[in-house]
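Residue numbers (the numbering used here): 1189 to 1403.
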């Protein structure tokens, strides 16, 4: 699908990340790495991901295989000096262990759709100084996770729209991930931090620029 999707990157304001999701770890080989390197050479690909470990989804590859592929991609990101986008499902210790094996304290990381607790949040902040946390439509319906997000410095929050199994009032008939969702996430973040929507939006834009070196 690279030939199809790379066309979107021709637009001057469209950027993206590229990586092998843990659920496809069994497909990772030298040919796949070559394709990945080709994709990452595009100037509008500004991060490697989402990559990580998924021990929750039915039929997931073995932990050992996921760890091997995850570590390989972390090494590749380090080689190319690209931020990494992390996905972690029921695998916090396994995920952070891999990160600590490869990346240094100042490496830029985005842990998307963060769904762990404050203890895990504090540990990550103690190990990495430039780690960001994703806030998605999933947080709109989960009060406990909202309380966790409130413990994150707003300068370290990245809004995201991916939530294929959720609905919001603005799009009751949309079941796939859609940029429409991100507007509600911006609103949620403004509400959680009790600041005007414009102020929140400006800060979140700065977060993107800093994380991906776009400024």
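Idealized CB from N, CA, C, for every residue including glycine.
If you're wondering where the values come from, they're calculated on a predicted model, not measured in any experiment.
By DSSP's assignment, residue 1318 forms a beta bridge with 1296. When the beta-carbon positions are compared, residue 1251 and residue 1279 come within less than 9 Å of each other. Looking at 1235, 1254, 1346, the one whose alpha-carbon comes closest to that of residue 1394 is 1346. Secondary structure at residue 1238: strand, using DSSP grouped into helix, strand and coil. The Cβ-Cβ distance between residue 1317 and residue 1301 does not fall below 9 Å. Taking C-beta atoms as the reference points, residue 1205 and residue 1235 count as a pair closer than 9 Å. The stretch 1246–1265 makes contact with the stretch 1211–1226; the number of CB pairs closer than 8 Å reaches 3 or more. Contact between the stretch 1321–1336 and the stretch 1288–1308 is present: 3 or more CB-CB pairs across the two stretches fall below 8 Å. By the criterion of a C-beta distance shorter than 8 Å, residue 1344 is surrounded in its chain by 1319, 1320, 1321, 1395, once the five residues flanking it on both sides are discounted. Judged by DSSP secondary structure, residue 1204 falls within the beta strand (DSSP E) whose first and last residues are 1204–1206. Inside the stretch 1251–1294, DSSP marks whole alpha helix (DSSP H) runs of 4 or more residues at positions 1251–1268, 1280–1290, from first to last along the chain. Shown here, residue 1347 sits in a strand according to DSSP, grouped into three states. As DSSP reads the structure, residue 1233 sits in a beta bridge with 1204. One thing to note: residue 1309 has its Cβ no nearer than 9 Å to the Cβ of residue 1291.
Setting aside the 5 residues that flank it on each side, residue 1272 is surrounded in the same chain by 1236, 1237, 1265, 1297, each with a C-beta closer than 6 Å to its C-beta; the list follows chain order.
For residue 1340, there is no enclosing alpha helix (DSSP H), as DSSP marks it with neither H nor E. Looking at the DSSP output, residue 1323 shares a beta bridge with 1347. According to the DSSP assignment, residue 1328 belongs to no alpha helix (DSSP H), since it is labelled neither H nor E.
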